[in-house]
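Here the sequence shown is numbered in full-length UniProt numbering, starting from 1 and rising by one per residue. Glycine included, every Cβ here is placed at the ideal spot set by N, Cα and C. This structure is a prediction, so every number in the text was calculated from the model and none was measured. Single-structure report; data block below.
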Amino acid sequence: MNLIKVSNINKLVIFYAILLSISDIRCEVLELGGDNFKIWKKRIIFQLGCMDIDYAIRKDEPHKFIDISTPDEILLYKRWEKSNRLSVMYIKTKLSAGICGSIEQHENVLELLKAIDEQFITSDKALANTLIMKFTSLKLTGIRGVGEHIMKMRDIVTQLKKLEVEMFESFLVHFILNTLPSQYGPFKISYNTHKDKWFINELMTMCVQEEGRLMMEQGESAMLVTQKKGNKGKSQASQKGKQQIPPKYDIKKDDKCFFCKKKGHVRRNV
Numbered sequence: 001m002n003l004i005k006v007s008n009i010n011k012l013v014i015f016y017a018i019l020l021s022i023s024d025i026r027c028e029v030l031e032l033g034g035d036n037f038k039i040w041k042k043r044i045i046f047q048l049g050c051m052d053i054d055y056a057i058r059k060d061e062p063h064k065f066i067d068i069s070t071p072d073e074i075l076l077y078k079r080w081e082k083s084n085r086l087s088v089m090y091i092k093t094k095l096s097a098g099i100c101g102s103i104e105q106h107e108n109v110l111e112l113l114k115a116i117d118e119q120f121i122t123s124d125k126a127l128a129n130t131l132i133m134k135f136t137s138l139k140l141t142g143i144r145g146v147g148e149h150i151m152k153m154r155d156i157v158t159q160l161k162k163l164e165v166e167m168f169e170s171f172l173v174h175f176i177l178n179t180l181p182s183q184y185g186p187f188k189i190s191y192n193t194h195k196d197k198w199f200i201n202e203l204m205t206m207c208v209q210e211e212g213r214l215m216m217e218q219g220e221s222a223m224l225v226t227q228k229k230g231n232k233g234k235s236q237a238s239q240k241g242k243q244q245i246p247p248k249y250d251i252k253k254d255d256k257c258f259f260c261k262k263k264g265h266v267r268r269n270v
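Here it is as structure tokens:
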């Protein structure tokens with residue numbers, strides 16, 4: 001019997017220890033800025049729950065108590081009022097000065113969160129529009145840098161996804177291929193005639209390999225042009241040198257000089 005009581009006591013100790021450890025949970029909540037709204041709101045809600053002051057977020061405001069209110073009604077309102085007041089105070093400490101000044105001040109925590117939501121929903125729409133314009137204007141102008149080009153486009157797609165603007169991966173692959181320059185023409189034709197579809201990681205791998213092949217091909221072409229120019233220069237120099245060499249005369253013993261009429265030498269006309 002005593003062993004059973006000891007066992008139950010140990011269970012209660014463990015249970016309360018778990019409750020205390022849960023109540024000590026904290027998460028870092030940074031100030032709300034221009035680009036961290038979604039993660040900020042999640043952490044705010046979580047932190048208010050850990051602090052056990054999120055009742056006003058979960059429940060609507062009850063009727064204010066009056067003289068004929070029951071003790072339970074009075075207790076309920078006081079609980080909500082405390083939760084609301086502390087939540088509003090905590091949220092306002094996590095707003096940057098610029099954002100706090102641009103949001104209408106509310107003393108009701110749900111109305112305050114709604115006002116913040118409305119401001120950032122408008123900002124999200126503007127940001128999404130800017131990112132889409134940037135995404136559609138990206139072009140690779142040369143052979144080099146295809147890997148960085150694809151990574152830049154993937155980064156924009158990730159940002160759009162956070163703003164609830166999603167793209168199918170097959171569409172993204174085709175769109176990226178259309179942003180490549182004419183040197184990648186045969187590569188694009190090869191993909192279009194290929195039976196299997198590529199995912200974005202496969203596309204990046206294949207494009208980087210094609211970039212290496214094109215650069216090697218370009219280097220070989222440049223070397224051939226240089227060699228042709230060198231050979232052409234040498235042939236022109238040799239021909240020029242040959243023209244500068246004066247002609248030699250084959251003098252015979254029987255030849256007479258037109259000047260002195262003697263044999264064995266010739267005087268040139270000057």
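Just the Cα atoms here: how many angstroms apart are residue i and residue j?
| i | j | result |
| --- | --- | --- |
| L214 | I189 | 15 Å |
| I22 | M89 | At I22, the pLDDT of 45 sits below 50, so the modelled position is not reliable and the matter cannot be decided from this model. |
| Y249 | M216 | Annotation note: pLDDT 46 at Y249 (below 50); position unreliable, coordinate value reported separately. Going from the Cα of Y249 to the Cα of M216 covers about 55 Å. |
| N84 | E61 | 9 Å |
| I156 | Y191 | 24 Å |
| L138 | D124 | 21 Å |
| G219 | Q47 | 60 Å |
| L127 | I45 | 24 Å |
| Q183 | G147 | 15 Å |
| K161 | R58 | 28 Å |
| V173 | T179 | 10 Å |
| G212 | M151 | 17 Å |
Note the first and the last residue of the continuous alpha helix (DSSP H) segment covering residue i.
| i | result |
| --- | --- |
| I57 | Y55 to R58 |
| R43 | F37 to C50 |
| M133 | V109 to S137 |
| W80 | P71 to T93 |
| T193 | Looking at the DSSP string, T193 is not in any alpha helix (DSSP H), and its letter there is neither H nor E. |
| residue 280 | The question about residue 280 has no answer here: the residues shown for the chain are numbered 1 through 270. |
| L160 | V146 to K162 |
| S170 | E169 to N178 |
Can you tell which of the options has its C-alpha closest to the C-alpha of residue i?
| i | options | result |
| --- | --- | --- |
| I116 | V208, C207, N36 and E217 | N36 |
| Q159 | E107, I132 and P181 | I132 |
| K197 | N129, H149 and E169 | E169 |
| K82 | K92, C207, I66 and D52 | D52 |
| P181 | I143, G98 and I45 | I143 |
| K41 | K94, F65 and I66 | K94 |
| F199 | T193, F171, I121 and Q119 | F171 |
| D120 | K38, E28 and M206 | The sequence as given places Phe at residue 120; Asp does not occur at that position. Cα-wise, what sits closest to F120 is K38. |
| H106 | A97, H194 and I91 | I91 |
| G185 | L140, G33 and E118 | L140 |
| G98 | H194, L32, E202 and T193 | L32 |
Going by other Cβ atoms of all chains shown within 10 Å of its Cβ, with 16 needed for buried, is residue i buried or exposed?
| i | result |
| --- | --- |
| L75 | exposed |
| residue 273 | Nothing can be reported for residue 273: it is not among the residues displayed for the chain, which extend from 1 to 270. |
| L30 | exposed |
| E210 | buried |
| H149 | buried |
| A56 | buried |
| S87 | buried |
| M153 | buried |
| V208 | exposed |
| F135 | buried |
| F187 | buried |
| D67 | exposed |
How about residue i: is its Cβ closer than 7 Å to a heavy atom in the ligand COA?
| i | result |
| --- | --- |
| H174 | Annotation note on the ligand COA: not contained in the displayed structure, which lists no ligands. |
Does any residue of chain B bring its CB to less than 8 Å from the CB of residue i?
| i | result |
| --- | --- |
| G212 | Within the model displayed, chain B is absent; a lone protein chain is all it includes. |
>> Contact between the segment 96-113 and the segment 150-166 is defined here as three or more beta-carbon pairs at a separation below 8 Å; is this criterion met?
In response: no
>> With a threshold of 8 Å, are at least 3 pairs of Cβ atoms found where one atom belongs to the segment 64-73 and the other to the segment 89-103?
In response: no
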